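Chains as they are written, first to last, in the numbering used here: chain A, 106 to 413; chain B, 51 to 419.
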Amino acid sequence: MNTPLLQQVIDRSTTVDDSPLSDLDVNFGLLDEYSKREIRRAILTAVAVPGYQVPFGSREMPVARGWGSGGLQISLAVVGPDDVVKVIDQGDDEGVNAVNLRRLIVSSTGIPESTTPEDSTLIQTRHRIPEDPLDERHTLILQVPVPEPLRGVERDMRELARMHAEADYARMWVSLYEDKVRNGVITRTTGYPCLVNGRYVIATTPIPRWDVPRLHQSRFLSLFGAGREKRIYAVPPHTDVEPLTFEDVPFEVEITPGAKCRSCGSSESFLVEVPATADEGGGHWVCSDSDWCRRNRHRQHPSNGVNP
Amino acid sequence: MGYAAARGGLKAIEAAERLVARERALGDSSWLESKQMIEKLRLAVDRVMGEGGLWDEHLAASALRQAEGDPIEAAHLLRSYRSTLPRLAYTTPVDVDDLVVLRRIVPAFRNPPGPQLLGRTTDYTSRLLDTADETAQRTAAEKMAAFLDESASATNDFGDDSDRHGDRRPRRLLDLLRDLDAVVDRRRVDDPEPFDITRHPARPPASRSARLATMARAETGALVNVWYRNILGPDGYLHEITLGEVRHGRLPVTVVHPLTGDEISIGEVRVTEVEAIEDLNGIDEDRGRFDVGYGLCFGHNEKKAIAMANLDIACERDRGRSFLEQSILLTTDGLDASGFLEHLKLPHYVTFRSMMERKAAIRQHQERS
Numbered sequence: 106m107n108t109p110l111l112q113q114v115i116d117r118s119t120t121v122d123d124s125p126l127s128d129l130d131v132n133f134g135l136l137d138e139y140s141k142r143e144i145r146r147a148i149l150t151a152v153a154v155p156g157y158q159v160p161f162g163s164r165e166m167p168v169a170r171g172w173g174s175g176g177l178q179i180s181l182a183v184v185g186p187d188d189v190v191k192v193i194d195q196g197d198d199e200g201v202n203a204v205n206l207r208r209l210i211v212s213s214t215g216i217p218e219s220t221t222p223e224d225s226t227l228i229q230t231r232h233r234i235p236e237d238p239l240d241e242r243h244t245l246i247l248q249v250p251v252p253e254p255l256r257g258v259e260r261d262m263r264e265l266a267r268m269h270a271e272a273d274y275a276r277m278w279v280s281l282y283e284d285k286v287r288n289g290v291i292t293r294t295t296g297y298p299c300l301v302n303g304r305y306v307i308a309t310t311p312i313p314r315w316d317v318p319r320l321h322q323s324r325f326l327s328l329f330g331a332g333r334e335k336r337i338y339a340v341p342p343h344t345d346v347e348p349l350t351f352e353d354v355p356f357e358v359e360i361t362p363g364a365k366c367r368s369c370g371s372s373e374s375f376l377v378e379v380p381a382t383a384d385e386g387g388g389h390w391v392c393s394d395s396d397w398c399r400r401n402r403h404r405q406h407p408s409n410g411v412n413p
Numbered sequence: 051m052g053y054a055a056a057r058g059g060l061k062a063i064e065a066a067e068r069l070v071a072r073e074r075a076l077g078d079s080s081w082l083e084s085k086q087m088i089e090k091l092r093l094a095v096d097r098v099m100g101e102g103g104l105w106d107e108h109l110a111a112s113a114l115r116q117a118e119g120d121p122i123e124a125a126h127l128l129r130s131y132r133s134t135l136p137r138l139a140y141t142t143p144v145d146v147d148d149l150v151v152l153r154r155i156v157p158a159f160r161n162p163p164g165p166q167l168l169g170r171t172t173d174y175t176s177r178l179l180d181t182a183d184e185t186a187q188r189t190a191a192e193k194m195a196a197f198l199d200e201s202a203s204a205t206n207d208f209g210d211d212s213d214r215h216g217d218r219r220p221r222r223l224l225d226l227l228r229d230l231d232a233v234v235d236r237r238r239v240d241d242p243e244p245f246d247i248t249r250h251p252a253r254p255p256a257s258r259s260a261r262l263a264t265m266a267r268a269e270t271g272a273l274v275n276v277w278y279r280n281i282l283g284p285d286g287y288l289h290e291i292t293l294g295e296v297r298h299g300r301l302p303v304t305v306v307h308p309l310t311g312d313e314i315s316i317g318e319v320r321v322t323e324v325e326a327i328e329d330l331n332g333i334d335e336d337r338g339r340f341d342v343g344y345g346l347c348f349g350h351n352e353k354k355a356i357a358m359a360n361l362d363i364a365c366e367r368d369r370g371r372s373f374l375e376q377s378i379l380l381t382t383d384g385l386d387a388s389g390f391l392e393h394l395k396l397p398h399y400v401t402f403r404s405m406m407e408r409k410a411a412i413r414q415h416q417e418r419s
């Protein structure tokens, strides 16, 4: 990708092929041009107001709502012929829904796919940020099931709108405090609430807490798409993303002492547990980022025949 | 190896697709014709068009066949198909008085203006499962057809001797109630553009047109459930309305010709239309009069149109005091609800790992203290 991504998004948001005849053909990226333009405009607003949930006229996609329809709309609205796409689910390129989404993007655009972030420009993801360092070349597109971080403390959408508008996050703070007092630890698991650019609290999708620090002052653009709830929000590059916590209560990521990946030996990646069973005995851990694990294994043992 | 393994997922998906496609198209029975579904599974096709927000009986039948009879899945196929199409024109506003009725009942009066026309309905038929074979059912149906032809030549379709065309567009009960000054008048004169739910997310507080459009496209069962929850208690308490009009009929659709500027007819849609009379009894309401709720949806779907009309007036009276509007706008879409429910089948091991870790952290804290 030669043109900076933001410029590309801007270019594509201001041009649209107005000829109705061209729209009757099968569209590049499936969506009709008017829909793409609308989604790009929502993305631009989201980038301009980091963390603000921009309403958009979410289209019905060939995947079910809740299965990445928001992320898919973003991918199809920003993808260009020079892009290379990587799609992961839980960190895994081989997850069946990741395969299905990738197949849709590739077949409707003809762009190449990759499993390696180094070779990719668009990375659509469900619930993980790849372990590899990402930079200006990358756009991370996160599939969001529930974009509203405050739903646990308020159900009325009118009141939620007011709370965001006035940056009134007092009840969120109270709920974190009560959590700490009752349980001794803050029990929020994934999708940890974060303050973006000192202004809006966002739901960090359900990415694990492990990934949250990667959003802070990142070099890449993160776009969050919630298709069912019809919201898009963004964390632009070089933006503060601070997990909500107290001065004397450190933010904790998922670490299990002594755990390391059985395949590549890493203890510095996000690990998922393969539990012990009566039949097969002791449990173990593996990297959730399967492609990174494969390459890491090769780095450790270059001679074992695994291709990078 | 990594590359080959990445294709493993694709192979599994393709095998699953083939399994579905094979059983759907082959099997021991004959091909399920679209025409068959349109004629004989009429209500299912109508429901798919309504929930899909697209009037096309053949596309809806194809979707229903592809979805193996699941109406929500079929509505999804229709809607995602529509996402690929540009919007080329808007129809001119339809006057619902142009509705040519196929069925019309007025429960509010014994002798309303215009006919009580039962039409094609099973409302008054005993629900006895007919297990007769095809020959027996066809023979019985032929006899009934002969009887229908006979009585039609004696009178007209209405079973009385009233003027045929005039009574196909009967005056509505609401007009009569207005003449009697028995209803409050909430008609607006500023004619705002209707809210387009396919282009903008409808969120509370929303305009009435946003609520009506949402309900017109809602999943039938979901809308009936919202209505029932509000009738029975857990969500609120709303009045049972009295039905003023229940109509099913054909409505002409026109667009403005892009070159000549003339209005031209591009066909007709079948719709169900309901007017629901509400007894106003609030302290701040005109208790000497009634109010009216409105429901209209694609196809023949009276359950949906009635629930819609009752919820329309309930929402109007609620004026944002409860969660009713939010329930209607946010929880009645079939694609939203079922898609999100079914997403639970996706792998969740990253989130679950995070939950396990916090459970361990809580236990550790409990042991320490």
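Every residue gets a Cβ at the ideal spot worked out from N, C-alpha and C, and that includes glycine. If you're wondering where the values come from, they're calculated on a predicted model, not measured in any experiment.
- Message: For Ile-63(B), tell me which candidate among Glu-199(A), Ile-228(A), Gln-322(A) has the shortest Cα-Cα distance.
- Response: For Ile-63(B), the nearest C-alpha among the options comes from Glu-199(A).
- Exposure label - Tyr-297(A); buried when at least 16 CB within 10 Å: Tyr-297(A) is buried by the Cβ-count criterion.
- Query: Pick from Ser-133(B), Asp-217(B), Ser-259(B): whose alpha carbon is nearest that of Arg-237(B)?
  - Reply: The shortest CA-to-CA distance from Arg-237(B) to any of Ser-133(B), Asp-217(B), Ser-259(B) is the one to Ser-259(B).
- Query: Is the Cβ of Gln-116(B) closer than 8 Å to any Cβ of chain A?
  - Reply: For Gln-116(B), the answer is no, since every Cβ of chain A falls outside 8 Å of its Cβ.
- Beta-carbon proximity list for Ser-393(A), same chain, < 8 Å, skipping 5 on both sides: Take Ser-393(A), set aside five residues on each side of it, and the residues of its chain with a beta-carbon closer than 8 Å to its own are Gln-195, Gly-196, Asp-197, Arg-233, Ser-374, Phe-375, Leu-376, Val-377, in chain order.
- Query: Going by DSSP, which residues form a beta bridge with Asp-326(A)?
  - Reply: Rather than Asp, the amino acid found at residue 326(A) in this sequence is Leu. DSSP, once it has assigned bridges, lists Thr-244(A) as partnering Leu-326(A).
- Would a C-beta distance cut-off of 8 Å place Asp-217(B) and Gly-283(B) closer than the cut-off? Cβ atoms of Asp-217(B) and Gly-283(B): not closer than 8 Å.
- Item | N- and C-terminal bounds of the alpha helix (DSSP H) containing Gln-229(A) | Bounds of any alpha helix (DSSP H) do not take in Gln-229(A); it lies within the beta strand (DSSP E) bounded by 227–231.
- Glu-192(B) by DSSP, collapsed to three states: which one? In the three-state scheme derived from DSSP, where H, G and I count as helix and E and B as strand, Glu-192(B) is classed as helix.
- Message: Against Gly-289(A), what residues of chain B qualify as contacts under a CB-to-CB distance less than 9 Å, listed in chain order?
- Response: Within 9 Å Cβ-Cβ: Ala-411, Ile-412, Gln-414, His-415, Gln-416, Arg-418, Ser-419.
- Task: Select from the stretch 174–198 of chain A all residues with a C-beta closer than 7 Å to any C-beta belonging to chain B, and list them in chain order.
- Result: Listed by position along the chain: Asp-194, Gln-195, Gly-196, Asp-198.
- Message: Closer than 7 Å to a non-hydrogen atom of the ligand NAD - does that hold for the CB of Arg-333(A)?
- Response: No copy of the ligand NAD occurs in the structure displayed, which carries no ligand at all.
- Task: Could you name the residues of the same chain whose beta carbon sits closer than 8 Å to that of Gln-416(B), not counting the 5 residues immediately before and after it, in chain order?
- Result: None.
- Inter-residue spacing [alpha-carbon to alpha-carbon] between Trp-397(A) and Arg-418(B): Looking at the two C-alpha atoms, the distance is approximately 37 Å.
- Task: Name the one or two DSSP bridge partners that Thr-304(B) has.
- Result: Ser-315(B), per the DSSP bridge assignment.
- Taking the beta strand (DSSP E) that Lys-191(A) falls in, what are its first and last residues? Boundaries of the beta strand (DSSP E) harbouring Lys-191(A): 190–194, taken from the DSSP string.
- Item | Chain-order list of residues whose beta-carbon lies under 6 Å from that of Thr-344(A) (same chain, five-residue window excluded) | Closer than 6 Å at the Cβ level, and outside the excluded window around Thr-344(A), lie Pro-155, Asn-302.
- Item | chain A contacts from the stretch 276–305 of chain B (Cβ-Cβ distance under 8 Å) | Those would be none; no residue qualifies.
- Task: Count the other C-beta atoms from every protein chain shown that fall within 10 angstroms of the C-beta of Asp-100(A), then say buried if there are 16 or more, exposed otherwise.
- Result: Residue 100(A) is absent from the structure shown; chain A starts at 106 and stops at 413.
- Query: So, do the stretch 218–230 of chain A and the stretch 81–93 of chain B have three or more beta carbon pairs nearer to each other than 8 Å?
  - Reply: Verdict: no, contact absent.
- Quick one: give me the first and last residue of the beta strand (DSSP E) that Tyr-297(A) is part of. Note, Tyr-297(A): premise wrong, no beta strand (DSSP E); not H, not E.
- For Ala-62(B), decide whether its Cβ has a neighbour in chain A, counting only Cβ atoms nearer than 8 Å. Yes, contact with chain A.
- Distance between Pro-308(B) and Pro-250(A) (C-alpha atoms, nearest Å): Pro-250(A) and Pro-308(B) have their alpha carbons spaced roughly 42 Å apart.
- One or two residues paired with Trp-390(A) in a DSSP bridge: The partner list for Trp-390(A) (beta bridge, DSSP) reads Cys-366(A), Glu-378(A).
- Query: What does Trp-172(A) touch in chain B if you count any residue whose Cβ is under 8 Å from its own?
  - Reply: The answer, in chain order, is Gly-389, Glu-392, His-393, Leu-396.
- Task: Find out if the Cβ-Cβ distance for the pair Gln-187(B), Met-262(A) is shorter than 8 Å.
- Result: No.
- Item | Residue from Thr-244(A), Glu-283(A), Tyr-338(A), Arg-208(A) with nearest C-alpha to Leu-135(A) | That would be Arg-208(A), whose Cα lies nearest to the Cα of Leu-135(A).
- Within the 8 Å Cβ cut-off, does Val-400(B) reach chain A? Interface residue, yes.
- If we call anything under 8 Å between Cβ atoms a contact, is Arg-287(A) one with Glu-357(A)? Result no, Cβ atoms of Arg-287(A) and Glu-357(A) do not sit closer than 8 Å.
- Message: With a threshold of 8 Å between beta carbons, is Asn-205(A) in contact with chain B?
- Response: Answer yes: the Cβ-Cβ gap between Asn-205(A) and chain B drops below 8 Å somewhere.
- Task: Spell out the partners DSSP gives Asp-329(B) in its beta bridges.
- Result: Within the DSSP secondary-structure output, Asp-329(B) pairs in a beta bridge with Phe-340(B).
- Item | Cβ pair Val-258(A), Ser-280(A) closer than 8 Å | Val-258(A) places its beta carbon less than 8 Å from that of Ser-280(A).
- Item | CB-CB length for Ile-193(A) against Leu-328(A), believed under 8 Å | No, Ile-193(A) and Leu-328(A) are not in contact; Cβ-Cβ is about 15 Å, not under 8 Å.
- Taking 8 Å as the cut-off, decide whether the C-beta atoms of Thr-244(A) and Val-152(A) are in contact. The Cβ-Cβ distance between Thr-244(A) and Val-152(A) does not fall below 8 Å.
- Give me the Cα-Cα distance between Pro-380(A) and Asp-78(B), rounded to the nearest whole angstrom. Roughly 45 Å between the two C-alpha positions.
- When the Cα atoms are used, what is the spatial distance from Asp-362(B) to Asp-187(A)? Approximately 50 Å between the Cα atoms of the pair.
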